[in-house]
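Enquirer:
Number of protein chains: 2
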Amino acid sequence: MHTFQELLEQFERHFGGCTFPDHPATLYGPAQYILDLGGKRIRPVLCLMGMELFGELDEDAFEVAVAVELFHNFTLLHDDIMDKAPLRRGKPTVHTRYNEPAALLAGDTMLIYAYEHINSIRSPQLQRILSVFNKTAIEVCEGQQLDMDYEQLHPQEVEMEQYLTMIRLKTSVLLAASLQMGSILGGGSEGNLHHLYEFGKNLGIAFQIQDDLLDAYGDPEKFGKQPGGDILANKKTFLLVKAFALADAAQREQLSALLQRRDGDKVAAVLRLFSACRVDEWARQEKEKYACEARRHLEEIAVLSSRKKPLEALTDRLLNRES
Amino acid sequence: MHTFQELLEQFERHFGGCTFPDHPATLYGPAQYILDLGGKRIRPVLCLMGMELFGELDEDAFEVAVAVELFHNFTLLHDDIMDKAPLRRGKPTVHTRYNEPAALLAGDTMLIYAYEHINSIRSPQLQRILSVFNKTAIEVCEGQQLDMDYEQLHPQEVEMEQYLTMIRLKTSVLLAASLQMGSILGGGSEGNLHHLYEFGKNLGIAFQIQDDLLDAYGDPEKFGKQPGGDILANKKTFLLVKAFALADAAQREQLSALLQRRDGDKVAAVLRLFSACRVDEWARQEKEKYACEARRHLEEIAVLSSRKKPLEALTDRLLNRES
């Protein structure tokens, strides 16, 4: 068994060895570019941790982990085109650095390579792994579409339950599936797989709430950038959607008016309203609720508790992070 | 064993039963829209024919055929975005009818559904089928990228060999792979699979040359539209690329000048030049050469010759078509 950091290093070594062909450079250059932007690699490490919960790491686990990371980057690449995002991790997005057609096609190719990595496993569980992968990939696409649909709406028009479904599809299910695919390889039982999936799903939602809280209330020095980006961009977050539900009529009107503004005082004014309707308090409680539910499912998994240590440590780390 | 028409009808019945979920309609509407535009369904029927060459049709063959047709439509959808094409089969393209983000995501989803159909087969050959599918899918993406790269070049700068590679990747390999995946399901031997693949690859190139000839020389009444569309749009075709290779210096200059024009006389003037450098004659010979090579490989397949009748009939039909 290994810590997050150890698994991360092992994964990076494998991932660094998976290079695209040289030709056509106009296709594979853009694909390599987004991979080289880096990332936290949480999903592939979750896949490795899922396997280590029940068995020993093998080549199959790394192949599926690579597939998960390729898939994740494929979604980032295509989402950036759809959202017309200029920057990703502080660098120009693929379609900005190259062009939209090349970015689109590079994304397609990465998705197919993800499948090819899965298809290279020796485990007799290929069909089962692919079922989880396909179901999840479709859910992630559905989540992205719901996200775009909700972008067209005033935050007041989005119900918290709808918003939660969108976040679950867009973010949580891939974390849950990464764990589950690893644990299928490791030979986990149906019951254990269920609890591990639910652990991942709840962790994902808690993680996203933490993300929203950080963007609003993060310490600029630790966060690495000025907080308030989501607020300035009127991004629909747990905080903004719930604020409209908690606010009284006058506060709702003020908040709607603030959405029209783009000046430097907007962030502070929105945060004052968030405090007034106690949405920050609500978000912290919700995060705890999902974190608690995640930990409950982790406890339910019937393996020696020592095997769960890396997942417990990762949970603490993800939910107490300041950047 | 069945004729093309019989297999087409069986396929359409299966395909019509494969519907997407209702929700989110903003995602699945665009996906259903392109499928409803129809098509010749050559690839899925080739898959069924590949199976019938060696065995009896079963549910697996239809699942792989559906996957092939979904994949083909995914490529059309994304290609239309990349090419900014306004029309497909005389109707607005998906990104024109809806919007680019919805079209992009609908394409992604169709690709994933293609994989899910393959993953539903009961054959123990899943991994082998997926290998062929992935290899082909990657080649089709590479072909599309090369096509876009060559679009940026003057036709004189594109070597015939490069152009042929692009066509092989973009068009032929999917026809060949469709046949091959069917024949893997049918239990064909390695040697037979090889010849079937080569049959499909050569047929694909002959088919594309026929396409180019039809667009230039087709009978407007039978062709269903005015010929010369490729010429007007300066589309790189076998004819245009080869014309620059066959032409003398003066003809090359004339042809280059013609590329700048967009008037109604352009088509006739280009066709006169094509005749003068005998590129039409060359193309008909090339088509025959590839057709001959295709038929040779079909002959080499070691099954009762009566089983090959549907593929022979299809070859004749595809290469002697007038629309």
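As you go down the protein sequences, you meet chains C and H in turn.
For the first sequence, counting from 1, position 39 maps to 40 in my numbering; every step adds exactly one.
For the second sequence, counting from 1, position 267 maps to 268 in my numbering; every step adds exactly one.
The C-beta atom is built at its ideal place from N, Cα and C for all residues, glycine as well.
#1: Using a Cβ distance threshold of 8 Å, determine whether the segment 151 to 158 of chain H contacts the segment 185 to 192 of chain H, with at least three qualifying pairs required.
#2: Is the number of C-beta pairs between the segment 200 to 211 of chain C and the segment 61 to 81 of chain C that are closer than 8 Å three or more?
#3: For I168/H, collect the residues of the same chain with a Cβ closer than 7 Å to its Cβ; drop the 5 residues on either side in sequence, then sort them by chain order.
#4: Tell me, please, which residues DSSP counts as bridged to P93/H.
#5: Count the other CB atoms, across all protein chains shown, that sit within 10 Å of the CB of R318/H; report buried if there are 16 or more and exposed otherwise.
#6: With a threshold of 8 Å between beta-carbons, can Y116/C be considered close to chain H, or not?
#7: Do we get a CB-CB distance below 8 Å when we pair I35/C with the residues of chain H?
#8: Is the segment 278 to 290 of chain C touching the segment 239 to 250 of chain C in the sense that three or more CB pairs, one from each, lie closer than 8 Å?
#9: With 7 Å as the limit, tell me which residues of the segment 169 to 197 of chain C have their beta carbon closer than that to any beta carbon of chain H; keep them in chain order.
#10: When you compare each of A314/H, R129/H, I139/H, V67/H to Y29/C by their alpha carbons, which one comes out closest?
#11: Just to confirm the assignment, what range does the alpha helix (DSSP H) spanning K310/C have?
#12: Curious, which full-length alpha helix (DSSP H) runs of at least 4 residues does the segment 36 to 109 of chain H contain?
#13: Rounding to the nearest angstrom, what Cα-Cα distance links L9/H and R42/H in this structure?
#14: Do L259/H and V242/H have their beta-carbon atoms positioned less than 8 Å apart in this structure?
#15: Below 7 Å CB to CB, which residues in the same chain sit around T27/C once its five sequence neighbours on both sides are set aside?
#16: Leaving out five residues before and five after V268/H in sequence, what residues of the same chain have Cβ atoms less than 7 Å from its Cβ?
#17: What residues of chain H sit near S132/C, judged by a beta carbon separation below 7 Å?
#18: So H96/H contacts chain C; which residues on that side make the cut at Cβ distance below 7 Å?
#19: Which residue marks the beginning of the alpha helix (DSSP H) containing D148/C, and which one marks its end?
#20: Taking the alpha helix (DSSP H) that S179/C belongs to, which residues open and close that run?
#21: Please report how far the alpha carbon of I82/C lies from the alpha carbon of D109/C, in whole angstroms.
#22: Does DSSP classify V242/C as helix, strand or coil?
#23: V271/H lies in the alpha helix (DSSP H); which residues open and close that run?
#24: Any beta-carbon of chain H closer than 8 Å to the one on H73/C?
#25: Contact between the segment 302 to 309 of chain H and the segment 52 to 62 of chain H: three or more CB pairs below 8 Å?
#26: Taking P102/H as the query, report the chain C residues whose CB atoms sit under 7 Å from its CB, ordered along the chain.
#27: Compare the C-alpha of E191/H against each of E64/H, I35/H, E301/H, M50/H and name the closest.
#28: Should G201/C go down as buried or exposed, given a rule of 16 or more other Cβ atoms within 10 Å for buried?
#29: Does any residue of chain H bring its CB to less than 8 Å from the CB of L240/C?
#30: Suppose contacts are defined by Cβ-Cβ distances below 8 Å. Is G44/H in contact with V65/H by that definition?
#31: Return yes when the Cβ of K171/H is within less than 8 Å of the Cβ of V141/H, no when it is not.
#32: Which stretch, first to last residue, makes up the alpha helix (DSSP H) that contains V304/H?
#33: Which residues in the same chain as A284/H place their Cβ atom closer than 8 Å to its Cβ, once the five residues preceding and following it in sequence are excluded?
#34: Roughly how many angstroms separate the alpha carbons of V159/C and C293/C, rounded to a whole number?
#35: Suppose you measure from the CA of L38/H to the CA of K290/H; what does that come to, to the nearest Å?
Expert: So, from the data block:
#1: no
#2: no
#3: I206, Q209
#4: L88/H
#5: exposed
#6: yes
#7: no
#8: yes
#9: none
#10: I139/H
#11: 310 to 320
#12: 43 to 55, 60 to 83, 95 to 98
#13: 7 Å
#14: no
#15: A103
#16: G229, I232, L233
#17: N120
#18: The contacting residues do not exist; H96/H stays about 11 Å from chain C at best.
#19: 127 to 152
#20: 174 to 187
#21: 13 Å
#22: helix
#23: 267 to 277
#24: no
#25: yes
#26: M83, M149
#27: E301/H
#28: buried
#29: no
#30: Here the sequence assigns Arg to residue 44/H, which means Gly is not the residue at that position. In this structure, V65/H does not lie closer than 8 Å to R44/H by Cβ.
#31: yes
#32: No alpha helix (DSSP H) contains V304/H, which DSSP labels as neither H nor E.
#33: I210, D213, L214, F239, L240, K243
#34: 26 Å
#35: 33 Å
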